[in-house]
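Peer 1:
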Amino acid sequence: MFGYVTPAKPEMKVREFESYRSVYCGLCKQLKRDYGFASRMLLNYDLVTVALLADGLSGEEGRPCAQRCIASPLRKRCMLQETRGLRLAAAALVLLSWYKLADDVADETLGKRLAARAARLALRGAHKKAAAAFPDLDECLAAETARQQKLEARQSQNPDEAAEPTGRMTGAIFALCAENEAQVHILQRLGLFLGKILYWLDAAEDYGKDAEKGRYNVFRLAGLEQAQAVERTKVLCRMAAGEAARCYNLLDLRLNRPILDNIIFLGLPASIVRAGQPPQPTKHAAIA
Numbered sequence: 000m001f002g003y004v005t006p007a008k009p010e011m012k013v014r015e016f017e018s019y020r021s022v023y024c025g026l027c028k029q030l031k032r033d034y035g036f037a038s039r040m041l042l043n044y045d046l047v048t049v050a051l052l053a054d055g056l057s058g059e060e061g062r063p064c065a066q067r068c069i070a071s072p073l074r075k076r077c078m079l080q081e082t083r084g085l086r087l088a089a090a091a092l093v094l095l096s097w098y099k100l101a102d103d104v105a106d107e108t109l110g111k112r113l114a115a116r117a118a119r120l121a122l123r124g125a126h127k128k129a130a131a132a133f134p135d136l137d138e139c140l141a142a143e144t145a146r147q148q149k150l151e152a153r154q155s156q157n158p159d160e161a162a163e164p165t166g167r168m169t170g171a172i173f174a175l176c177a178e179n180e181a182q183v184h185i186l187q188r189l190g191l192f193l194g195k196i197l198y199w200l201d202a203a204e205d206y207g208k209d210a211e212k213g214r215y216n217v218f219r220l221a222g223l224e225q226a227q228a229v230e231r232t233k234v235l236c237r238m239a240a241g242e243a244a245r246c247y248n249l250l251d252l253r254l255n256r257p258i259l260d261n262i263i264f265l266g267l268p269a270s271i272v273r274a275g276q277p278p279q280p281t282k283h284a285a286i287a
């Protein structure tokens with residue numbers, strides 16, 4: 000739930016940007032179709048990459064359709080319809096949100112805990128449906144959320160250990176994009192490294208708020224000042240990005256290669272350069 004894995008828009012061709020936007024808008028519609036209107040508030044750019052990757056490996060082009068939506072009530076937008084990648088990304092968003100809320104119930108202040116409990120109550124039906132569709136993924140996310148809470152409770156000061164649960168969650172989601180057994184391990188490794196990057200970027204961004212509110216932050220516990228935490232984040236992320244790129248280059252993509260190349264080789268490095276700052280673009284913002 001971060002928003003760091005996005006393309007570098009200025010480097011995209013017009014048709015690539017339109018295709019990316021159609022997947023983003025299609026994911027919003029898929030959430031509504033599968034899990035109800037309220038689930039659209041979960042929409043996040045990172046999971047667009049999952050849809051692109053799954054459909055890119057399978058070669059499923061989907062059915063584009065021009066529709067209006069809340070973000071664009073006057074002008075119709077092209078939206079991708081009903082692909083396996085979109086269904087996977089929608090379910091993963093629901094499951095990730097469910098366990099993120101569980102983590103908030105355990106860690107946040109009283110007001111946010113109450114809000115998280117209310118949100119989980121509203122999301123219960125959607126979670127049940129997504130868990131039924133992907134039971135192994137649900138089990139993995141539950142186990143890794145519990146693991147994250149335990150390592151935070153014992154105040155782990157190891158950035159790699161702290162990022163491991165997020166990496167495993169992301170790896171489990173990416174593995175579901177596989178078209179054959181040979182791709183599963185590659186995708187797990189790709190997701191592992193991308194997940195760790197997401198965790199470290201988020202920890203660097205939240206350093207000041209975590210210090211102010213007394214929340215767990217692995218860089219602060221390791222004795223790093225904020226500027227040092229940002230620099231450490233960049234080093235860790237660049238190493239992980241190199242490994243992610245090696246995994247990505249092993250994949251035989253039938254579709255979406257230019258967009259995914261942009262995300263892995265341009266967009267992700269740009270997010271690493273901005274470590275310590277809010278991601279661009281922000282969650283829920285309309286793509287202009």
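Numbering-wise (numbering that gives the first Met the number 0), the sequence shown opens with residue 0 and increments by one. Each residue gets a CB set at the ideal place from its N, CA and C atoms; glycine is no exception.
(1) Between the alpha carbons of ALA53 and LEU79, how many angstroms are there, rounded?
(2) Taking the alpha-carbon positions, what's the LYS111 to ASP102 distance?
(3) Just the Cα atoms here: how many angstroms apart are ASN216 and CYS64?
(4) Mind checking whether the beta-carbon of THR165 lies closer than 7 Å to any heavy atom of the ligand MN?
(5) Hey, quick one: how far does the beta strand (DSSP E) through SER64 stretch, first residue to last?
(6) In chain order, what are the residue ranges of uninterrupted beta strand (DSSP E) at least 3 long that sit wholly in the region 158–204?
(7) Assign LYS195 to buried or exposed, taking buried as 16 or more other Cβ atoms, counted over all protein chains shown, within 10 Å of its Cβ.
(8) Note down the Cα distance separating CYS24 from ARG86, rounded to an integer number of angstroms.
(9) Which class does MET11 belong to by DSSP, given the choice of helix, strand or coil?
(10) Between LEU191, ALA118, LYS12, MET168, which has its C-alpha nearest LEU41's C-alpha?
(11) Specify the secondary structure class of ARG86 as computed by DSSP and reduced to three states.
(12) Counting pairs of Cβ atoms below 8 Å between the region 255–272 and the region 6–22, do you hit three or more?
(13) So is GLU163 buried or exposed if we call it buried at 16+ other beta carbons inside 10 Å?
(14) Have a look at GLY275 and ASP205 and give me their C-alpha separation to the nearest angstrom.
(15) In angstroms with no decimal places, state the Cα-to-Cα distance between THR232 and LEU267.
(16) For ASP33, I'd like the list of residues in its chain whose CB is within less than 6 Å of its CB, leaving aside the five on either flank, ordered along the chain.
(17) May I have the straight-line CA-CA distance separating LYS28 from ARG76, to the nearest angstrom?
(18) Given SER270, which residues of its chain have a CB within under 6 Å of its CB, disregarding the five upstream and five downstream residues?
(19) Measure the C-alpha to C-alpha separation of GLU81 and GLU211 and round it to an integer number of angstroms.
(20) For LEU189 and ALA243, which I take to be in contact (beta-carbon distance under 8 Å), what is that distance rounded to the nearest angstrom?
(21) Span of the alpha helix (DSSP H) holding ARG146?
(22) Could you give the uninterrupted runs of the alpha helix (DSSP H) lying entirely in the region 35–62, keeping only those of 4 residues or more?
(23) DSSP state of ARG256, grouped into three classes?
(24) By the 10 Å Cβ neighbour count, where 16 or more other Cβ atoms means buried, how is PHE36 classified, buried or exposed?
(25) I need the straight-line Cα distance from VAL49 to LEU113, nearest angstrom please.
(26) Less than 8 Å between the CB atoms is what I'm expecting for LEU140 and LEU94, so what's the real figure, rounded?
(27) Tell me the residue span of the alpha helix (DSSP H) that contains GLU245.
Peer 2: So, from the data block:
(1) Reading the sequence shown from its first residue, position 54 is the one you call residue 53. Reading the sequence shown from its first residue, position 80 is the one you call residue 79. C-alpha of ALA53 to C-alpha of LEU79: approximately 14 Å in a straight line.
(2) Counting from 1 along the sequence shown, the entry for residue 111 is found at position 112. Counting from 1 along the sequence shown, the entry for residue 102 is found at position 103. Taking the straight line from one Cα to the other gives about 11 Å.
(3) In the sequence shown, the residue the question calls residue 216 occupies position 217. In the sequence shown, the residue the question calls residue 64 occupies position 65. Looking at the backbone, the Cα of ASN216 and that of CYS64 are separated by about 44 Å.
(4) The ligand MN is not part of the structure shown, which contains no ligands of any sort.
(5) Along the sequence shown, read from residue 1 onward, the residue named residue 64 stands at position 65. The question names Ser, but residue 64 in the sequence shown is Cys. For CYS64, the enclosing beta strand (DSSP E) starts and ends at 64–66.
(6) None, since the region 158–204 contains no complete beta strand (DSSP E) of that length.
(7) Locating residue 195 in the sequence shown gives position 196, where the first residue counts as 1. Residue burial is scored here from C-beta neighbours: LYS195 has at least 16 other C-beta atoms within 10 angstroms and is therefore classed as buried.
(8) Locating residue 24 in the sequence shown gives position 25, where the first residue counts as 1. Locating residue 86 in the sequence shown gives position 87, where the first residue counts as 1. Looking at the two C-alpha atoms, the distance is approximately 13 Å.
(9) Reading the sequence shown from its first residue, position 12 is the one you call residue 11. Coil.
(10) If you number the sequence shown from 1, residue 41 lands on position 42. Considering only alpha carbons, the answer is ALA118.
(11) Taking the sequence shown and counting its residues from 1, the one referred to as residue 86 is at position 87. Taken through DSSP and simplified to helix, strand or coil, ARG86 comes out as helix.
(12) The way I'd put it, the region 255–272 does touch the region 6–22; three or more beta-carbon pairs between them come closer than 8 Å.
(13) On the sequence shown, position 164 is the one that residue 163 refers to. Residue environment for GLU163: buried (at least 16 other C-beta atoms within 10 angstroms of its C-beta).
(14) As a position in the sequence shown, residue 275 is number 276, starting the count at 1. As a position in the sequence shown, residue 205 is number 206, starting the count at 1. Each residue's alpha carbon lies about 8 Å from the other.
(15) Working through the sequence shown from its first residue, we reach residue 232 at position 233. Working through the sequence shown from its first residue, we reach residue 267 at position 268. Spanning the two alpha carbons is a distance of roughly 13 Å.
(16) Position 34 of the sequence shown, counted from the first residue, corresponds to residue 33. Short of 6 Å from the beta carbon of ASP33, and not among the five residues preceding or following it, lie these beta carbons of its own chain, in chain order: ALA89.
(17) For the purposes of this step, residue 28 is taken as the residue at position 29 of the sequence shown. For the purposes of this step, residue 76 is taken as the residue at position 77 of the sequence shown. Each residue's CA atom was taken as its position, placing LYS28 and ARG76 some 12 Å apart.
(18) Walking along the sequence shown from the start, residue 270 turns up at place 271. Excluding residues within five positions, the ones whose Cβ falls inside 6 Å are TYR3.
(19) Residue mapping note: residue 81 aligns to position 82 of the sequence shown, counting from 1. Residue mapping note: residue 211 aligns to position 212 of the sequence shown, counting from 1. Between GLU81 and GLU211, the C-alpha separation is close to 44 Å.
(20) Counted from its first residue, the sequence shown places residue 189 at position 190. Counted from its first residue, the sequence shown places residue 243 at position 244. For a cut-off of 8 Å, the C-beta gap from LEU189 to ALA243 is around 6 Å, short enough to register as a contact.
(21) Position 147 of the sequence shown holds residue 146. It spans 134–152 - the alpha helix (DSSP H) in which ARG146 sits, taken as one unbroken run.
(22) Entirely contained in the region 35–62, the alpha helix (DSSP H) runs reaching 4 residues are, in chain order, 45–57.
(23) Within the sequence shown, the letter at position 257 stands for residue 256. Three-state DSSP puts ARG256 in a helix.
(24) The sequence position of residue 36 within the sequence shown is 37, counting from 1. Counting of Cβ neighbours within 10 angstroms places PHE36 among the exposed residues, the total staying below 16.
(25) For this step, residue 49 is matched to residue 50 along the sequence shown. For this step, residue 113 is matched to residue 114 along the sequence shown. Taking the Cα positions, VAL49 is about 31 Å away from LEU113.
(26) On the sequence shown, residue 140 is found 141 positions in, with the first residue counted as 1. On the sequence shown, residue 94 is found 95 positions in, with the first residue counted as 1. About 5 Å separates the Cβ atoms of LEU140 and LEU94, confirming a contact at the 8 Å cut-off.
(27) Walking along the sequence shown from the start, residue 245 turns up at place 246. The residue you asked about is not Glu; residue 245 is Arg in the sequence shown. For ARG245, the enclosing alpha helix (DSSP H) covers residues 225–247.
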